[in-house]
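Colleague: Heads up: the sequence shown runs through residues 848 to 995, numbered per my numbering.
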Amino acid sequence: MSKTHNIPANLRRIVRTRAREICEYCRSREDHSTQSFCFEHILPRIAGGKTNAENLAYAWQGCNAHKATRTEAADYLTGKRAGLFNPRQMLWSDHFSWSEDFSEVVGITPTGRATVETLKLNRRGLVNLRRVMYAMGKHPPLEVDNRE
Ligand SMILES: [Zn+2]
848 MSKTHNIPAN LRRIVRTRAR EICEYCRSRE DHSTQSFCFE HILPRIAGGK
898 TNAENLAYAW QGCNAHKATR TEAADYLTGK RAGLFNPRQM LWSDHFSWSE
948 DFSEVVGITP TGRATVETLK LNRRGLVNLR RVMYAMGKHP PLEVDNRE
């Protein structure tokens, strides 16, 4: 979890711009969000994670809160531990896809499935928002490569 006021303005701008103002986990758009976005430490500070562009992800508060200080979780399909999605090292489409109607995120790898479950990427409000956004022609967002 990150407190925005601890992060310099220029670093906030870099992270936000790199993400195209889209949550790097659930792919929700900031301009159609009712919650503010935050700067998420991919490796938590408690584990030595630094406050720099390489370790910060732009995320919806809900995704950030569910991730908390975790970096791995169980893949429900295999029961094995898997690292959570790291937007600085991984490409979203390598680990996730959309359901047929684009309303739900589907994990397609152990990392993808563990991340969908842990961050609750298919929260009811998110699924409903995606349906509305899809009808408006604003979902899904284009993929951007946010790796360092
Ligand atoms: Zn999100």
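C-beta: ideal position from N, C-alpha, C; glycine also. Quick caveat, the model's predicted, so the values are computed rather than measured.
Just tell me which of Val-963, Ile-854, Arg-865 and Arg-860 has its CA closest to the CA of Thr-918.
Modeller: Along the sequence shown, read from residue 1 onward, the residue named residue 918 stands at position 71. The candidate whose alpha carbon is nearest that of Thr-918 is Val-963.
Colleague: Looking only at its own chain, which residues have a Cβ that is under 8 Å from the Cβ of Asp-992, when we skip the five neighbours before and after it?
Modeller: Position 145 of the sequence shown, counted from the first residue, corresponds to residue 992. Around Asp-992: Leu-938.
Colleague: State the DSSP-derived secondary structure class of Gly-926, mapped to helix, strand or coil.
Modeller: Residue mapping note: residue 926 aligns to position 79 of the sequence shown, counting from 1. Reduced to three states, the DSSP call for Gly-926 is coil.
Colleague: For the alpha helix (DSSP H) that Cys-885 lies in, which residues bound it at each end?
Modeller: Mapped onto the sequence shown, residue 885 falls at position 38. No alpha helix (DSSP H) contains Cys-885, which is instead part of the beta strand (DSSP E) from 884-888.
Colleague: Quick test of the definition: if touching needs 3 or more C-beta pairs under 8 Å, does the stretch 874-884 touch the stretch 963-982?
Modeller: yes
Colleague: Quick check: Ile-893 and Thr-864, are their CB atoms within less than 8 Å of each other?
Modeller: Working through the sequence shown from its first residue, we reach residue 893 at position 46. Working through the sequence shown from its first residue, we reach residue 864 at position 17. Contact: no.
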